[in-house]
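**Q** Protein sequence lines correspond, in order, to chains R and W.
Our numbering puts the first residue of the first sequence at 1, with every later residue one more than the last.
Our numbering puts the first residue of the second sequence at 1001, with every later residue one more than the last.
Ideal Cβ placement from N, Cα and C applies to all residues, glycine included.
It should be emphasised that the depicted structure is a prediction, and the values quoted were computed from it without experimental measurement.
This is the structure, below, for whatever I ask next.
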Amino acid sequence: MPTAPDDDCPTAEPRPLLAPPSTTAADAERIQLEVNAVSVAYGEVTIVRNVSFALARGDLGCLLGPSGCGKTTLLRAIAGFEPVTAGVIRLHGKQVSAPGTTIPPEERRVGMVFQDFALFPHLTVAKNIGFGLRRLRAAERERRVGALLELIGMGAAANHYPHELSGGMQQRVALARAMAPRPDILLLDEPFSNMDADLREQLAREVRGMLQREGVTAILVTHDQLEAFAMADRIGVLGDGEIRQWGSGFDLYHEPADRFVANFIGQGVLLPALVQDDLRVKTELGTIAGVRPHGLAPGGLAEVLIRPDDLDYDDSSTRRAQIVERAFRGAEFLYTLRLPSGAEVLCLVPSHHRHAIGETLGIRLLAEHLVVFPRDGAPG
Amino acid sequence: MSTLTPTLSATTRPRRGRHLSAWPPTLVSIALLLSLPVLVVVGFLFVPAGEIWRHLAATVLPLYVSNSLLLMLGVSVGTLIGGVGCAWLTSMCRFPGRGLFEWALLLPMAMPAYIIAYTYTGLLDFAGPVQTTLRAWTGWGFRDYWFPQIRSLEGAMLMLSLVLYPYVYLLARAAFLSQSLCVLDVSRTLGNGPWRTFFTVALPLARPAIVAGLSLALMEALADYGTVQYFGVPTFTTGIFRTWFGLGSPAAAAQLSALLLGFVFALILLERWSRRHARYHHSSQREQVIRRLHLRGWRAALASLFCFSPLLFGFLVPAGQLLYWSLAVATTRFDAAFLQLAWNSLSLAAGAALLALLLALLLGYGRRLHPSLTVRTSVQVAAMGYAVPGTVIAVGVMIPFAWFDNSLDAWMRARFGVSTGLLLSGTLAAVMFAYVTRFLAVALQTVEAGLTKIRPSMDEAGRSLGYRPSQMLARIHLPMLRGSLLTALLLVFVDVLKELPATLILRPFNFNTLAVRAFELASDERLADSAPAALTIVIAGLLPVILLSRSITRSRHADSP
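Rendered as C-alpha cells:
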C-alpha cells in the first residue's frame, strides 16, 4: 500500500474553499474567519504552508491530520500565539495576523479550549467560567455564568473546584469558560484527546449540540477522524503543513482528492487498474465506472481505491479470494483477502458469516464511487 | 516532531519580543555573582601556597582526609540503618504507633547537629546526669569504671546520624510507597517470605532513592563544623578554620576548601546519578492503598522500639534536656541581651529569605520565559551553592571581599589620599551574600515547583480570555504561587537561623546570632546558659518539619487526586 503522499498528483489541485469566494457584500458580512495564503515557520522549518480557507458565522470546521502535520500550529496562529510568516488572517473582517504584525491573543476575541483544559485550579467552576467576563457588571456576569452552567448541565457543581471534577466535566467547564465572552471564534485544540476512546464520539456530539445552541463559530483540531465526523460540518485534511482537501466526512471518505487523504481517512487498499475510457477502469475485481470523467488517458496504468465496504460477500460469486487475516469487530468481521494476483484487499462482512483463515470467500464489487490515481511513474 | 508539540512549544522556544532580551544578561550576572565564592576557592588550586601547604600535607592533611572519610562511613551506616529500617516499617508494616512514627520520625531534622552534640555532652560527661546516676547506683568513684567518650569521632558519627537519617528516611519511604505492589506480590507468590522479599525486591528497587537520600545526608555531614569542632575531631571544616585563623594562610585554607569541594562534587554526581535511575523504577504516580503486614506480639514491640529509638535519642532526649536547662536559667537568660540576639537572628534570616525569594523568582521566571541554554545554565550555576559547605562559602566570600576592600582603599589613598577602610568585609552584606549563595537553591526549588503547576496553557487560556500577561501575573500566578512563596521564605528563614560556620567567619565584629551565641557558650562549657538560644533555634526548625509532616499526612489521606 503506498503511503507517501504524492505531491505531483493532478487530483491534488486545491478544491474550493470551505466557504466559496465571496461574491456579494452579504456573503462577505457572514465570513467570520478568513485565513488567506498563510504560512508559519519556526526559523528555517516551515510548519504551515500557504493555507487558505474561510469560516462563515455558525460554521463548525475541523482541521484533521496526523500528528506533526501543522494543524495545532495553524490553530495557534489563528489564536495569536504564533506569528505568521506569510499571508493574512482576518477575524470578523479585521486583520489580526500578517507578517510582522500579530495582534496579541487578548485583543482578538478568540476563545480557546486546550488539550489539558487549563482550568485555573484555585478558582471554582463558576469563577473559572466567569474569568473572561470581568468587563460585565456583576449581575450580568452571574446571569451569563448561570446560563452556561445550565448549558453544560453542571449547575450543581458551580462551587466545586476543578480537581473535584471528572475529566469530562472539566472539559465542559473549559468549553463554557471559552464560550462565556462570546468570542468571534472558538478554537478547540484536541479537546477530546484526554478522554476515554469510548467517550470521545459521544462527547464530540454533545459539544456540537452546545456550540450550535450558542450559535458559535468554531474550529476543531484533531487527529481522530471519528471525532471530526461527529462534530464538524466541513473538514480540512492537513498533510505536511498543507491543506489537502476540504469536504464533509462523507466526501473525504468516498472521494479523497489524493493518496494522502485516501490513506489517512478510513481503511482501504489501492488496487492496480487499467484505464479503459474516460469513465471506466478495469481491475482484477472487474470494471468500475465513475460518474465523472477521471481525466486519465485510456490505456494508462492507474490505481483504484477499494474500501472494505466496496466489497460485498457473495457465495454465488465466481470471484473468490483467500482469507489471510480476520479481525472480529462485533457486528462485523474485517477480512483481509488475497486475490489471485497476490494483491490484498479488505472486506467487511456481517459477523454471522464466520470463516476460518485459509478458506476462500466469494466476493462482489459494489463500488459506487470511483477513486482513481495515476500509477506511480506512469504518465497521468 | 517533538519540537512541534503544541502546548510546550510556546515556552521552550525563545520569544521574539524586545522586552524579554534583558533576561539572559541579568541571569548570567546573577549566576556569576553567586558562583563567585566557589570560583574563588577553585581558582586557588592554581595559586602556589608554598611552605604552609607542604607543612599541612606532611602533618594534618592525612588526618583531615581519614577523619572525614571515617565520618562519612559512620554516618552512612547510621543513617542507612535508621532511615531505611524506619521507612520500611512505617510504610509496609502495621504496629502500634505506626501512624505517629510516620511523621514524628522527621522531628530530629529540627535539631542542628552542633546543638545535639553539646546537649549529649552535657548529658553524658562525668558530671552529667547519666554518669552521676550510674555512680549513685553502683557506688563507683572517679576512674573506677569505663564510660564511652562522647567527644570523639564515634560520638560525632552518632550525633550526625541521629539528625541526618531523616533524609534517607524521607526518600526511602517515598520509594517504598511508590513501588508497585504487584512486584512485591509477585515475589510472595514465587515463594519468598516478607523479609526475603524486602531484601531481594523492595530494597534493590528503592536503592536509587536511598542512595540519593544518603548523598544528601553525607553532604550535610561533610559541611558540619559545629559538631566536629566541639568534639575536637579534626576534619576538613575545622582544618579550614585552623589554617586560616591559626596559620594565617587564606590561600592554604582556600585550597583545603577546594579539596573538600571535590568530595562534595563526587556526592553531587552520586545523587544526580541515583535520581536519574530512580525515575525508571516508579511504576505508578499515585500512592496505592497498601495492605500493610500486620505485626503482632514481640515483633510489633520490636518494630515500635526500632522506630521509637531515633525519635527518642534524636529529638525527645535532647529537646527535653534543652528545655530543662532553659527553664533552669529562664529567670536570668531571657533578658535584653537575649532579645537583641533573637532580633539579630530573626532580621538577618528574614532579610536573607526575602532576598533569596526575590532572586529565586527572577531565576524561575527567567527560565520559564526565556529557556535558552545560557539561561538554563545560569540558573543551575546560581543554585549550585546548596551543596557547598558554609565554611567553604565563607572562605570564598571573605577572600574576594577583602581583596576588593584593600584594592579600593589603596587606590583611593593613592589617588585622593582618603582611606576607605573595609567596605564589604566584616559587614552584614557579606553575611547576607553568603546566605543567599548557600540557600538560594532551597528557595528556587520551591518556587520552580510552584511555577510548573502553572501550565503554559493556563497562561494562554487567560490571554485568549482577554488578559494581558501582567494581569495574568496578578490574577493567576500570584494566587497559585502564594503557598510556594511562603514555603520558600520559611525554608530559607529556618536554614539561615540554624547556619553556624559562615556566620562565625563573616559576621561583623561583636555581632552575634542565636546560633553563634549558643555555640560560643557551649564551647565555654556554659551548656545551660546556651540552652535558651539553642531551644529557640530548634523550635524554629520545627516549622519546616511540620510542613513536611503535613504533606506526608496529606499524601496518606489522598483518596482523590
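(1) Just mark W:Arg1550 as buried or exposed, buried being the case when its beta carbon has 16 or more other beta carbons within 10 Å.
(2) With 16 as the cutoff for other CB atoms within 10 Å, does W:Trp1140 come out buried or exposed?
(3) Let me make sure I understand the geometry here. Which of R:Glu368, R:Glu227, R:Val349, R:Cys69 has the alpha-carbon closest to that of R:Val291?
(4) With burial defined as no fewer than 16 other Cβ atoms inside 10 Å of the residue's Cβ, what is the status of W:Tyr1225: buried or exposed?
(5) Give me, in chain order, the residues of the same chain whose beta-carbon lies closer than 7 Å to that of R:Glu227; leave out the 5 immediate sequence neighbours on both sides.
(6) For the region 1401–1424 of chain W, which residues have a beta carbon sitting closer than 7 Å to at least one beta carbon of chain R?
(7) Using a cut-off of 8 Å between C-beta atoms, extract the partners of W:Met1072 located in chain B.
(8) Measuring alpha carbon to alpha carbon, tell me which of R:Ile323, R:Arg329, R:Pro350 ends up nearest R:Arg338.
(9) Nearest chain R C-beta to W:Ser1464 closer than 8 Å, yes or no?
(10) Less than 8 Å between CB atoms is the rule here; does R:Phe264 satisfy it with respect to chain W?
(11) Considering R:Asp315, what are the terminal residues of the beta strand (DSSP E) in which it resides?
(12) Express the C-alpha separation of R:Met112 and W:Ala1434 in angstroms, rounding to a whole number.
(13) Comparing the C-beta of W:Ile1240 with each C-beta of chain R, is any distance below 8 Å?
(14) Determine, using beta carbons only, whether R:Gly241 and R:Leu63 come nearer to each other than 8 Å.
(15) At the level of alpha carbons, what is the spacing between W:Pro1166 and W:Leu1158?
(16) Hey, quick one: how far does the beta strand (DSSP E) through R:Arg329 stretch, first residue to last?
(17) Is there a C-beta anywhere in chain R that falls below 8 Å from the one on W:Arg1368?
(18) What are the residues in the region 75–88 of chain R lying within 9 Å of chain W by C-beta distance?
(19) Could you tell me the distance, in whole angstroms, from the CA atom of R:Phe382 to the CA atom of R:Gly146?
(20) Do you know how far the Cα of W:Trp1273 is from the Cα of W:His1282?
(21) Give the range of the alpha helix (DSSP H) segment to which W:Gln1131 is assigned.
(22) The alpha helix (DSSP H) spanning W:Ser1161 covers which residue range?
(23) Looking at W:Ser1530: is its Cβ nearer than 8 Å to the Cβ of W:Val1395?
(24) Short of 6 Å in beta carbon distance, which residues of its chain neighbour R:Leu370, apart from the five on each side in sequence? Order them along the chain.
(25) Taking W:Pro1479 as the query, report the chain R residues whose CB atoms sit under 9 Å from its CB, ordered along the chain.
(26) Give the range of the beta strand (DSSP E) segment to which R:Gly111 is assigned.
(27) Could you name the residues of chain W that R:Met112 contacts, counting a contact when the two beta carbons are closer than 8 Å?
(28) Short of 6 Å in beta carbon distance, which residues of its chain neighbour R:Leu175, apart from the five on each side in sequence? Order them along the chain.
(29) At what residues does the alpha helix (DSSP H) containing R:Asn263 begin and finish?
(30) At the level of alpha carbons, what is the spacing between W:Ala1212 and W:Val1496?
(31) Is R:Leu91 closer than 8 Å to R:Asp184 when the C-beta atoms are compared?
(32) According to the Cβ coordinates, are R:Tyr313 and R:Leu271 closer than 8 Å?
(33) DSSP three-state call for R:Pro374: helix, strand or coil?
(34) What's the C-alpha gap between R:Val88 and R:Leu346?
(35) Can you tell me which of W:Thr1377, W:Ala1402, W:Lys1453, W:Val1516 puts its alpha carbon nearest to the alpha carbon of W:Ala1031?
(36) Between W:Arg1585 and chain R, is there a C-beta pair that is closer than 8 Å?
**A** Considering the structure as presented:
(1) Answer is exposed; the Cβ neighbour count stays below 16.
(2) W:Trp1140 is exposed by the Cβ-count criterion.
(3) Minimum Cα distance to R:Val291 is reached at R:Glu368.
(4) Buried, because 16 or more other Cβ atoms sit within 10 Å of the Cβ of W:Tyr1225.
(5) Result list for R:Glu227: Phe192, Arg200, Glu201, Ala204, in chain order.
(6) Legend: CB atoms of the region 1401–1424 of chain W lying less than 7 Å from CB atoms of chain R are not found in any residue.
(7) Structure shown: chain B not included; protein chains present are R and W.
(8) For R:Arg338, the closest C-alpha among the options R:Ile323, R:Arg329, R:Pro350 is that of R:Ile323.
(9) Yes, contact with chain R.
(10) Cβ-Cβ to chain W under 8 Å: no for R:Phe264.
(11) Annotation: R:Asp315 is outside any beta strand (DSSP E) and is labelled neither H nor E by DSSP.
(12) Straight-line Cα distance between these residues: approximately 47 Å.
(13) No - not a single Cβ of chain R is within 8 Å of the one on W:Ile1240.
(14) No, Cβ-Cβ distance for R:Gly241 and R:Leu63 is not below 8 Å.
(15) When rounded, the distance between both Cα atoms is 14 Å.
(16) No beta strand (DSSP E) contains R:Arg329, which DSSP labels as neither H nor E.
(17) With 8 Å as the cut-off, W:Arg1368 does not count as an interface residue toward chain R.
(18) Residues of the region 75–88 of chain R that bring their beta carbon within less than 9 Å of a beta carbon in chain W comprise Leu75, Arg76, Ala79, Gly80, Phe81, Glu82, Pro83, in sequence order.
(19) The structure shown has nothing for residue 382 of chain R, since chain R only spans 1 to 380.
(20) Unreliable placement is indicated for W:His1282, whose pLDDT of 44 sits below 50; the coordinate value is still reported in the next sentence. Spanning the two alpha carbons is a distance of roughly 16 Å.
(21) Element bounds for W:Gln1131: 1129–1138.
(22) Looking at the DSSP string, the run of the alpha helix (DSSP H) that includes W:Ser1161 is 1153–1178.
(23) Going by C-beta atoms, W:Ser1530 is not nearer than 8 Å to W:Val1395.
(24) Closer than 6 Å at the Cβ level, and outside the excluded window around R:Leu370, lie Ile288, Gly290.
(25) The answer, in chain order, is Phe120, His122, Leu123.
(26) Here the beta strand (DSSP E) through R:Gly111 covers 110–113.
(27) Chain W residues near R:Met112: Glu1460, Ala1461, Ser1464.
(28) So the list reads Val113, once near-sequence residues are dropped.
(29) Per DSSP, R:Asn263 is one residue of the alpha helix (DSSP H) stretching across 259–264.
(30) Approximately 24 Å between the Cα atoms of the pair.
(31) Yes, they are a contact pair.
(32) Contact: no.
(33) In the structure shown, the three-state DSSP call for R:Pro374 is strand.
(34) The alpha-carbon atoms of R:Val88 and R:Leu346 are separated by roughly 44 Å.
(35) Nearest C-alpha to W:Ala1031: W:Thr1377.
(36) Nothing in the structure corresponds to residue 1585 of chain W, since chain W is present only between 1001 and 1561.
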